[in-house]
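Each residue of the sequence shown is one higher than the last, beginning at 115 in our numbering.
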Amino acid sequence: MNRREFVGAVAAGAGVAVGANERIGIGIIGCGERGTALLREVLQFGAEEKVEVRAVCDTWRPQRERAAAVVRATTAAAPRQFVHYQDLWALPEVDAVIIATPDHQHCAQLLGAAQAGKDAYVEKPLAMGMGELLDAMDAVRRRERVVQCGTQVRSFPSSAAARALVAAGGLGRIFKIEQSRNSLRPYWHRYGERPIQESDVDWRAFLMHRRDRPFDPDQYTAWYGYREFSRGPHTGLMAHFVDLVHYITGAGLPRRVTALGGTYRWPDARTAPDSIEVTMEYAEGFLARYSTTFGTEANSFLKFFGTRGVMDATRWGEPWLLTGEEKQMPPVESVPHMKNWLQCLRTRRAPHAPIEAGYAHAVTCIMADEAYVRGRRMIFDPIRQFIFEG
115 MNRREFVGAV
125 AAGAGVAVGA
135 NERIGIGIIG
145 CGERGTALLR
155 EVLQFGAEEK
165 VEVRAVCDTW
175 RPQRERAAAV
185 VRATTAAAPR
195 QFVHYQDLWA
205 LPEVDAVIIA
215 TPDHQHCAQL
225 LGAAQAGKDA
235 YVEKPLAMGM
245 GELLDAMDAV
255 RRRERVVQCG
265 TQVRSFPSSA
275 AARALVAAGG
285 LGRIFKIEQS
295 RNSLRPYWHR
305 YGERPIQESD
315 VDWRAFLMHR
325 RDRPFDPDQY
335 TAWYGYREFS
345 RGPHTGLMAH
355 FVDLVHYITG
365 AGLPRRVTAL
375 GGTYRWPDAR
385 TAPDSIEVTM
395 EYAEGFLARY
405 STTFGTEANS
415 FLKFFGTRGV
425 MDATRWGEPW
435 LLTGEEKQMP
445 PVESVPHMKN
455 WLQCLRTRRA
465 PHAPIEAGYA
475 HAVTCIMADE
485 AYVRGRRMIF
495 DPIRQFIFEG
């Protein structure tokens, strides 16, 4: 057993014990646009919650160095820099990690974090397949890790207000929920415009368990557009919608899911669909429909339809509207998503979006992708935790 394995085994056996006045050490895995945004949130709450960023990790050197510079500019302390995320498992000064890497890496890194005794904040979608999802979830539960999934919209005051309204019967019986989330270009286009040098990248570390191949700069920078690394908007963007459906209504997993889509506006070498429609049927007695079309900025909305009215959540960062009454819902106080996770690292309580919430959005997104690929309606068996055609 080498030093890394020894430290990981000790941490996994003992768990993370942090005193009330001790500072909690954070490591950032993935220092791109999203990872840097999360890093800034940690720094924002760092002094109040007694946490420090002690390590940054990224397979792309400029991103890694920029993240370290952000930490230095804020705290005057230089975090350690790593290319390989496994090196963080050997650091006793790192108690928890933020995983903001490409989608195909999430579960492997969460699994490793849990086995090394680290708590985690992991970006959505939590998983791309059922096998990796179940392995990661099992490790988190067995090691009793505090995990926050990156569906931060549920922590908005507007979302908390909607949950309270629905629980009180303010919308009556909900029978349909719809989101249409459109934009002119696929979001992966702008990522693919970034210049990159092969010498700055650990290409094999990026690929991880995916098939080896020569370096491809577009696959590295525009990975969102390739189905090996991210399935498409029905798993990336739709994860937020699905999580809101579950959070606000209290519903479980959908029992049936259908999907149709393809590339209709932006044909190129990338493989993720630029348009997709997903319909989900819930045992609680309502339909949920999600749609993305890249090619127009028109017709974006998010609405909850109930027997007593309609709740318009199109501007989900602002107070939502009750149509018919034409009034805004007063927000309900809610702790910001990152701050909530940092607090739970110390209290060991379940955060706003625990691993069970991540499991629910991940299963739903996997069902949608299977329906899209197979062209068949997909059903989930919650006992066997198995997806099948039906």
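Yeah, the Cβ is synthetic: ideal placement off N, Cα and C, and Gly gets one too. Model, not experiment: these values are computed from the prediction.
query: Backbone CA spacing between Leu416 and Asp426 [nearest angstrom]; result: 6 Å
query: Span of the alpha helix (DSSP H) around Phe320; result: 317-321
query: Contact check, Gly346 vs Ala383, beta carbons under 8 Å; result: no
query: DSSP three-state assignment for Leu351, whether helix, strand or coil; result: coil
query: Contact between the region 481-492 and the region 187-204 (3+ Cβ pairs under 8 Å); result: no
query: Per-residue burial, Val477 [other beta carbons within 10 Å of its own, 16 or more giving buried]; result: buried
query: 6 Å CB neighbourhood of Tyr235 in its chain, flanking five on each side removed; result: Ile212, Gln262, Trp455
query: Alpha-carbon spacing of Arg370 relative to Gly283, whole angstroms; result: 25 Å
query: Among Glu136, Leu435, Leu351, the one whose alpha carbon lies nearest that of Phe419; result: Leu435
query: Rounded C-alpha distance that separates Ser294 from Met394; result: 14 Å
query: Alpha-carbon to alpha-carbon, Tyr378 and Ala210; result: 42 Å
query: Through-space distance from Leu459 to Asp233, alpha-carbon basis; result: 7 Å
query: Reference Tyr404; option with closest CA among Gly149, Val185, Cys145, Thr428; result: Thr428
query: Given 8 Å, three or more beta-carbon pairs between the region 308-317 and the region 351-363; result: no
query: Simplified DSSP state of Asp426, which is helix, strand or coil; result: strand
query: Secondary structure of Tyr301, DSSP reduced to three states; result: coil
query: Contact belief for Gly472 with Leu225 at Cβ below 8 Å, rounded distance in angstroms; result: Not really, about 13 Å apart at Cβ, beyond 8 Å.
query: Span separating the alpha-carbon of Asp249 from that of Arg256; result: 11 Å
query: CA-to-CA distance, Pro328 to Phe270, given in whole angstroms; result: 43 Å
query: Three-state secondary structure assigned by DSSP to Ala228; result: helix
query: Status (buried if at least 16 other CB within 10 Å, exposed otherwise) for Gly375; result: buried
query: Euclidean distance between Cα positions of Glu163 and Ala319; result: 33 Å
query: Closest by C-alpha distance to Ile390, when choosing among Asp483, Ile362, Ala336, Met322; result: Asp483
query: Selection from Phe400, Gly339, Tyr338 that minimises the alpha carbon distance to Ala365; result: Phe400
query: Limits of the alpha helix (DSSP H) - the one that Val170 falls within; result: No alpha helix (DSSP H) holds Val170; the beta strand (DSSP E) holding it covers 165-171.
query: Helix, strand or coil at Ser389 [DSSP, three-state]; result: strand
query: Ranges of the beta strand (DSSP E) found wholly within the region 176-247, counting only runs of at least 3; result: 194-196, 210-213, 233-236
query: Residues that DSSP places opposite Asp495 in a beta bridge; result: Phe500
query: Spatial neighbours of Glu398 in its chain, beta-carbon cut-off 6 Å, leaving aside the 5 residues before and after; result: Ala365
query: Cβ-based burial, Gly141 [other Cβ within 10 Å; buried from 16]; result: buried
query: Any non-hydrogen atom of the ligand GTP within 7 Å of Cys145 CB; result: In the structure on display, the ligand GTP does not appear, and there are no ligands present to speak of.
query: Three-way DSSP call (helix, strand, coil) for Arg295 in this model; result: coil
query: Beta-carbon gap between Ala227 and Leu152 smaller than 8 Å; result: no
query: Residue ranges of each beta strand (DSSP E) within the region 425-478, 3 or longer; result: 435-437
query: Where Leu416 falls: helix, strand or coil (DSSP); result: strand
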